[in-house]
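Input: a single structure, listed below in structure tokens.
Residue numbers (our numbering), protein chains in the order written: chain A, -2 to 419; chain B, -2 to 419.
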């Protein structure tokens, strides 16, 4: 009451018993927006639901819109707003997120940083007594920083509003959803968490399909999809060219591409001719393009992907991003280089390789995604990611992300041509 | 020819054109075991198949058993043997591996190290002109260092021998296989790699089921399964107790458990009573057990999992292994601790947490698996893994690995009771 100005926002992190009177005081002061972090409402049963109803009445009395209760609020790195209890060191990003779990906001700060990604705005919606996940989705649809929207859902209350809102957004911004309330076990757990009533899996599956929302099968997949959908040009079709220097990684990637519903085109004569300069006879100029050992370690990251991105029968490039650092080190050792010389030379080679690939990535207008098996914390992988190139552990995750991209691109093309076709 | 003794093994890494004469010279010298790393045989087409036939005839003349050609040989850290071109820094482990891709041997050295795992022996079988994947599986079945066998398969030549050999091993040692030749795209890629002819996916699926082999859907999953199958006691049934301190991670884990075909039992009165000492009223004593904020940060890693591992209705514990390091840091900061004091104190708490969980893990005779969302390179996760506790990114991978364990345990119980039932 003594504050000289009326705050834009009140964040209530208080024992349950004084939340109501505090919100009332906020209303008297003239505050019209609040985040109620406190728990102890509908989710605990007993008097909880009645207490939550009182909270809503108090807010309505003063025209207060509020998020929560039982949430951790909002993280918006673009505006340096973070009401959660953990520091957000991730960069301002393009992924908008509305989540019925607060943990999935805070746990992703560090996770997204590793992908050189960040949230545009992330909402923990809690019990959704007032502002709900549909409102958040609507906000993210209009938010200029948000290129893709992710949703973590345990149960939707306003089904038809959800579908209507999503349908209006999807033509210009992709939406990805993870729904865990559908299985018998997920349903029980979700209910005890936020008190939301989950529906059968088929119902939600249908609702997502009807809205044009892409469904993810895990949180990892949700952010894989967001990464690629938000950062990639739209492919013209489902045809994937695979570049590897090893048979097993090639066969696995080919298998993953097929299982993800994508196609593996045959390369055109023009591309084969372009490749013949780089690929020794033990390699294959089929697709996957298996380069085995290329003569110049830079070709693999420059001339070869350039030729493959130019392939008229290919819509995307799936790239096995292993640089033979240990092989180069051995070769240099053989040439009697000192340890310092080797390290410096390898760093230079890797830097040139990354920059070559990044420059193709930025200029060719076709999606390019990398896969590796070792951790994303290897220096070379880190560099690729810092250049904005999505890089996944294993070709399965990469192929599924590309498949989501093709799916979205198709639905957009269908909208452009004739909405009734989709 | 000038060597004073007859070597046990010849490793041929030579231009294709001099491989034959060199193998002949090896035979003359009395060498009876060889690894032919050189490529340029059946896999390249043209004269390749005939050259490979000549290689087999030369070997047969001298009773030489050989691995390859077109392989990278063997890595056996127990005997410090590594014929591949990359150093193997992983520890001697319990995972036996036979692979139709050499990359999947060398790429896994570092990967397995991160899991505190290693190979017992890993074979790159190449073109399998003589020793094939069935021979390797037989070896690994008898190898005392091997607790679980992994297979990477693009195509099997000796189908009935494969089934017979696997069937003989599975009752005492689990086998996990990844097959990528089944999809149309995987088949084409595999053929150009080793020249092996792949069969329809259903055929291989049936063959695996008939043999009691557990099928993995990706390389990541193959090693997830091996990690858990080789390092865990056998569960008595499919009932999973989930411990979390957060609703979303609980609901996701519950959903993943259901989708993996496992069950979520209701806790017994005895366990609920034991838990009431630790769980505040905002948490739930359902399953998932949601502890939200426990009073003593050690309880979460000690008293609570102890009670849950004692649950008579539970066969396994799936554990959300997030330690609130940042929360502890904030609390300490609030108490005006210095940076050094905080770091020291947090390390002590984490160490105590890890040791408490590790001690339960080692003594309770029930499987315990952890999940997190952030990377495995976080200090706390690393410590858990160094204690031998399998820790996965996301509950989906953890649940699927537990499901593989239950599947194997069931097939063993069936064998114990009455072989005809399986």
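Every residue, glycine too, gets a C-beta built ideally from N, C-alpha and C.
Legend entry - Neighbourhood of residue 58/A by C-beta, 7 Å cutoff - its chain only, sequence neighbours within 5 removed: Within the first chain, the letter at position 61 stands for residue 58/A. Counting only Cβ-Cβ distances below 7 Å, and skipping sequence neighbours, we find 24.
Inset, instruction - Mind listing, in chain order, the continuous alpha helix (DSSP H) runs of no fewer than 4 residues lying wholly within the stretch 29 to 112 of chain A? - result: 45 to 58, 100 to 111
Inset, instruction - Check the Cβ-Cβ distances between residue 336/A and every residue of chain B, and say whether any is below 8 Å. - result: Residue numbering aside, residue 336/A sits at position 339 when the first chain is read from its first letter. Cβ-Cβ to chain B under 8 Å: no for residue 336/A.
Inset, instruction - List the residues of chain B that residue 182/A touches, going by C-beta distances under 7 Å, in chain order. - result: In the first chain, residue 182/A corresponds to position 185, counting from 1. 251, 252, 254, 255, 261, listed in chain order.
Legend entry - Enclosing alpha helix (DSSP H) for residue 136/A [first to last residue]: Taking the first residue of the first chain as 1, we reach residue 136/A at position 139. Residue 136/A -> alpha helix (DSSP H) spans 130 to 139.
Inset, instruction - Compute the minimum distance between the beta carbon of residue 149/A and the heavy atoms of the ligand GTP, and state whether it is under 7 Å. - result: Summarising the ligand content, the structure contains no ligands, and the ligand GTP is consequently not present.
Inset, instruction - For the stretch 384 to 399 of chain A and the stretch 232 to 250 of chain A, state whether three or more C-beta atom pairs, one from each stretch, are separated by less than 8 Å. - result: yes
Legend entry - Partners in chain A for residue 215/B, counting only beta-carbon separations shorter than 7 Å: Within the second chain, residue 215/B is the residue found at index 218, counting from 1. Those within 7 Å of residue 215/B in chain A are 391, 393.
Inset, instruction - Note down, in chain order, every chain B residue with its Cβ under 7 Å from the Cβ of residue 101/A. - result: For the purposes of this step, residue 101/A is identified with residue 104 of the first chain, where counting begins at 1. Result: 245.
Inset, instruction - Determine contact between the stretch 132 to 149 of chain B and the stretch 165 to 178 of chain B, defined as no fewer than three beta-carbon pairs at a distance below 8 Å. - result: yes
Legend entry - Min CB distance residue 222/A to chain B below 8 Å: To locate residue 222/A, count along the first chain from 1; it is residue 225. Not one chain B Cβ lies under 8 Å of residue 222/A.
Inset, instruction - Compute the beta-carbon to beta-carbon distance between residue 29/B and residue 218/B, rounded to the nearest angstrom, for a pair I have assumed lies under 8 Å. - result: Residue mapping note: residue 29/B aligns to position 32 of the second chain, counting from 1. Residue mapping note: residue 218/B aligns to position 221 of the second chain, counting from 1. The Cβ separation is near 38 Å, so there is no contact.
Inset, instruction - Could you tell me whether the Cβ atoms of residue 148/A and residue 126/A are closer together than 8 Å? - result: By one-based count along the first chain, residue 148/A stands at place 151. By one-based count along the first chain, residue 126/A stands at place 129. Taking 8 Å as the Cβ cut-off, residue 148/A and residue 126/A do not qualify as a contacting pair.
Legend entry - Where residue 419/A sits in the DSSP three-state scheme: Counting from 1 along the first chain, the entry for residue 419/A is found at position 422. Reliability fails at residue 419/A, whose pLDDT of 39 lies under 50, so the model's placement of it is uncertain and the value that follows must be treated cautiously. Residue 419/A: coil per DSSP, three-state reduction.
Inset, instruction - Report yes or no: is there a C-beta of chain A within less than 8 Å of the C-beta of residue 203/B? - result: As a working note, residue 203/B is residue 206 in the second chain. No, residue 203/B lies away from the interface with chain A (no Cβ there is under 8 Å from its Cβ).
Inset, instruction - Taking residue 364/B as the reference, give the member of 388/B, 13/B, 287/B, 97/B with the closest Cα. - result: Taking the second chain and counting its residues from 1, one reaches residue 364/B at position 367. With distances taken between Cα atoms, residue 364/B lies closest to 388/B.
Inset, instruction - For residue 119/A, I'd like the list of residues in its chain whose CB is within less than 6 Å of its CB, leaving aside the five on either flank, ordered along the chain. - result: The residue labelled residue 119/A in the question sits at position 122 within the first chain. Excluding sequence neighbours, residue 119/A sits near 72, 94, 102.
Inset, instruction - Thinking residue 424/A and residue 402/A are a contact (beta carbons under 8 Å), I'd like their distance in whole angstroms, please. - result: There is no way to answer for residue 424/A, as the model of chain A reaches only from -2 to 419.
Inset, instruction - Taking C-beta pairs closer than 7 Å, name the residues in chain B that residue 149/A reaches, listed in chain order. - result: Position 152 of the first chain, counted from the start, is the residue given in the question as residue 149/A. The answer, in chain order, is 245.
Legend entry - residue 212/B versus residue 202/B - alpha carbon distance: Position 215 of the second chain, counted from the first residue, corresponds to residue 212/B. Position 205 of the second chain, counted from the first residue, corresponds to residue 202/B. Cα to Cα, residue 212/B sits roughly 8 Å from residue 202/B.
Legend entry - N-terminal and C-terminal residue of the beta strand (DSSP E) that residue 240/A is part of: Residue mapping note: residue 240/A aligns to position 243 of the first chain, counting from 1. 237 to 241 is the extent of the beta strand (DSSP E) around residue 240/A.
Inset, instruction - Could you name the residues of the stretch 347 to 375 of chain A whose beta carbon sits closer than 9 Å to any beta carbon of chain B, in the order they occur along the chain? - result: 369, 370, 371, 372, 373, 374, 375
Inset, instruction - Would you kindly report the start and end of the unbroken alpha helix (DSSP H) that includes residue 201/B? - result: Counting from one through the second chain, the residue named residue 201/B turns up at place 204. Note, residue 201/B: alpha helix (DSSP H), 198 to 208.
Legend entry - Any chain A beta carbon closer than 8 Å to residue 416/B: Residue mapping note: residue 416/B aligns to position 419 of the second chain, counting from 1. Its pLDDT being 46, under 50, residue 416/B is placed unreliably by the model, and nothing is read from it.
Inset, instruction - Please classify residue 147/A: does DSSP put it in a helix, a strand, or coil? - result: Taking the first residue of the first chain as position 1, residue 147/A is located at position 150. DSSP places residue 147/A in strand when its eight states are reduced to three.
Legend entry - the stretch 5 to 15 of chain B touching the stretch 253 to 266 of chain A, judged by at least three CB pairs closer than 8 Å: no
Legend entry - Residue-level contact to chain B via CB, residue 248/A, 8 Å cutoff: Counting from 1 along the first chain, the entry for residue 248/A is found at position 251. Yes, residue 248/A lies at the interface with chain B (some Cβ there is under 8 Å from its Cβ).
Inset, instruction - Could you work out which residue in 263/B, 274/B, 271/B, 299/B is closest to residue 283/B when comparing CA atoms only? - result: The residue labelled residue 283/B in the question sits at position 286 within the second chain. Nearest option by C-alpha distance: 263/B.
Legend entry - Below-8 Å beta-carbon distance, residue 177/B vs any chain A residue: Here residue 177/B corresponds to residue number 180 of the second chain, with the count starting at 1. Interface residue, yes.
Legend entry - Exposure of residue 27/A, with buried meaning 16 or more beta-carbon neighbours within 10 Å: Looking up residue 27/A in the first chain gives position 30. Answer is exposed; the Cβ neighbour count stays below 16.
Inset, instruction - Show which residues of chain A have a CB atom less than 7 Å away from the CB atom of residue 107/B. - result: Start at 1 with the first residue of the second chain, and residue 107/B comes out as number 110. What residue 107/B touches in chain A: 371.
Inset, instruction - Taking only runs that begin and end inside the stretch 153 to 183 of chain B, name each unbroken beta strand (DSSP E) of 3 or more residues, in chain order. - result: 172 to 176
Inset, instruction - Please confirm whether residue 90/B and residue 115/B have their CB atoms less than 8 Å apart. - result: Position 93 of the second chain, counting from 1, holds the residue named residue 90/B. Position 118 of the second chain, counting from 1, holds the residue named residue 115/B. It is a contact, given that the beta carbons lie within the stated cut-off.
Legend entry - Cβ-based burial, residue 22/A [other Cβ within 10 Å; buried from 16]: Along the first chain, read from residue 1 onward, the residue named residue 22/A stands at position 25. Exposed is the call here.
Inset, instruction - Specify the secondary structure class of residue 215/A as computed by DSSP and reduced to three states. - result: Position 218 of the first chain, counted from the start, is the residue given in the question as residue 215/A. Looking at residue 215/A - three-state DSSP - the assignment turns out to be coil, as it is neither helix nor strand.
Inset, instruction - Kindly indicate the opening and closing residues of the beta strand (DSSP E) around residue 126/B. - result: Translated into positions along the second chain, residue 126/B becomes position 129. Premise fails: residue 126/B is in no beta strand (DSSP E) and is neither H nor E.
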